[in-house]
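The sequence shown maps to residues 1 to 275 in full-length UniProt numbering.
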Amino acid sequence: MLGWYPRKYFRWFASAYYVIIGIGLWRANLAQPVIFQSSFGEISGLIFPIASPMLAYTFSRSVIHQRQLRQTNRRLQVVIQRGERERIARDLHDTLGQSFSMITLKTELAKKLLVKAPERVAQELDDIAQTSRDDLQLVRAIVNDLHQQSLSEMLLSQGKNLAEADVMLITSGENEATEWPTKVQSQFSAVMTEAITNVIRHAQAHQVEITFDQSPTTYSVTIQDDGKSKNYVRAGSIGISGMRSHMHEADGTFSIDHNRQGTLVSLTLPKEVRS
Numbered sequence: 001m002l003g004w005y006p007r008k009y010f011r012w013f014a015s016a017y018y019v020i021i022g023i024g025l026w027r028a029n030l031a032q033p034v035i036f037q038s039s040f041g042e043i044s045g046l047i048f049p050i051a052s053p054m055l056a057y058t059f060s061r062s063v064i065h066q067r068q069l070r071q072t073n074r075r076l077q078v079v080i081q082r083g084e085r086e087r088i089a090r091d092l093h094d095t096l097g098q099s100f101s102m103i104t105l106k107t108e109l110a111k112k113l114l115v116k117a118p119e120r121v122a123q124e125l126d127d128i129a130q131t132s133r134d135d136l137q138l139v140r141a142i143v144n145d146l147h148q149q150s151l152s153e154m155l156l157s158q159g160k161n162l163a164e165a166d167v168m169l170i171t172s173g174e175n176e177a178t179e180w181p182t183k184v185q186s187q188f189s190a191v192m193t194e195a196i197t198n199v200i201r202h203a204q205a206h207q208v209e210i211t212f213d214q215s216p217t218t219y220s221v222t223i224q225d226d227g228k229s230k231n232y233v234r235a236g237s238i239g240i241s242g243m244r245s246h247m248h249e250a251d252g253t254f255s256i257d258h259n260r261q262g263t264l265v266s267l268t269l270p271k272e273v274r275s
């Protein structure tokens, strides 16, 4: 459990723990002065209680780092999958897009040439032309959708930035969030990038915890750091107004507050996200 808390809390805990141990040994020595004259074997029994907090903390942090490594691998897998999707998107655009454009031109030309054709033929050609235009728009929409940044791509990039700044990243609910609609992920990614950048630049934090969740009507993300919130929790400063506007344009909500741990940024989007 200790590993999940920021380092400053562990330092407080360790300080209090060793003070209590020291007071206990001092009182024991007053009651029985020979305690420090005992054999090496008896004194060595104190090593474990003295070293146990550091051992427990180190082990916990190791477990967290292993979890982060697994999460990074999963993000890479998602990014690789998206790379394949982007290749497919290019193929769709180069082949189907060109084909649909040609169909449109040919049907419009055929309509002009069929002067003596029945009225029904002209109507059918109109339908074909309209269908081809719709299909072309659909292909473009698919390509645009595939080019939007996913949460995995954003976390992979920002996770590297946080690591370089010696800030630990912990996520909860990330695997489920990668299944959210692409548009939702893209909306969150843009704002989360700005929020994480603020943490790195201004918060002097050691840890950031990002929680992904959803209800029957909304998607939500919270970003909690353990830094100095007073450095940037000022309405309208350091991109905060931009983040708020971005969320409001998508019919979402944005809030930023400071608490005992640091700064908490909360984001929500409705299940039906506006373009």
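All C-beta atoms, glycine included, are put in the ideal place defined by N, C-alpha and C.
- In the assembly as shown, Gln185 is a buried residue. Its beta-carbon has 16 or more other beta-carbons within 10 Å.
- One Cα belongs to Glu209, the other to Lys271, and the distance between them is close to 23 angstroms.
- Residue pairing of Leu264 in beta bridges, as defined by DSSP: Gln224, Asp257.
- Distance from the CA atom of Leu269 to the CA atom of Gly262, rounded to whole angstroms, is 24 angstroms.
- Between Lys228 and Ala195, the CB-CB gap reaches or exceeds 8 angstroms.
- Take Gln224, set aside five residues on each side of it, and the residues of its chain with a beta-carbon closer than 6 angstroms to its own are Glu209, Leu264, in chain order.
- Below 8 angstroms, enough C-beta pairs join the segment 205–221 and the segment 170–177 to call them touching: three or more.
- Within the segment 144–212, the runs of alpha helix (DSSP H) that reach at least 4 residues and sit entirely inside it are, in chain order, 151–164, 174–177, 182–198.
- Under the DSSP assignment, Gly239 falls outside any alpha helix (DSSP H); it carries neither an H nor an E label.
- Under DSSP, Gln214 forms a beta bridge with Tyr219.
- Counting along the chain, no alpha helix (DSSP H) covers Glu272, and no H or E run does either.
- In the structure shown, Gly22 adopts helical secondary structure according to DSSP, grouped into three states.
- Contact between Thr72 and Leu156 holds, since their C-beta atoms are separated by about 7 angstroms, short of 8 angstroms.
- Nearest Cα to Ser150 within the set Arg133, Ile240, Arg74, Leu96: Arg74.
- Here the alpha carbons of Asp257 and His93 stand approximately 45 angstroms from one another.
- Annotated three-state conformation of Ala16 is helix, per DSSP.
- In the structure shown, Asp94 falls within a helical segment according to DSSP collapsed to helix, strand and coil.
- A direct Cα-Cα distance of roughly 41 angstroms separates Ala190 from Asp126.
- Short of 7 angstroms from the beta carbon of Ile240, and not among the five residues preceding or following it, lie these beta carbons of its own chain, in chain order: Ile256.
- Taking 8 angstroms as the cut-off, the beta carbon of Thr218 is found no closer than this to the beta carbon of Met154.
- Sequence-distant Cβ neighbours of Ile128 in its own chain, meaning closer than 8 angstroms and more than five residues away, are Ile103, Thr107.
- With a threshold of 16 other beta carbon atoms within 10 Å, Asp166 falls short and is exposed.
- Look at Leu114 here: in three-state DSSP terms it is coil, with no helix or strand label.
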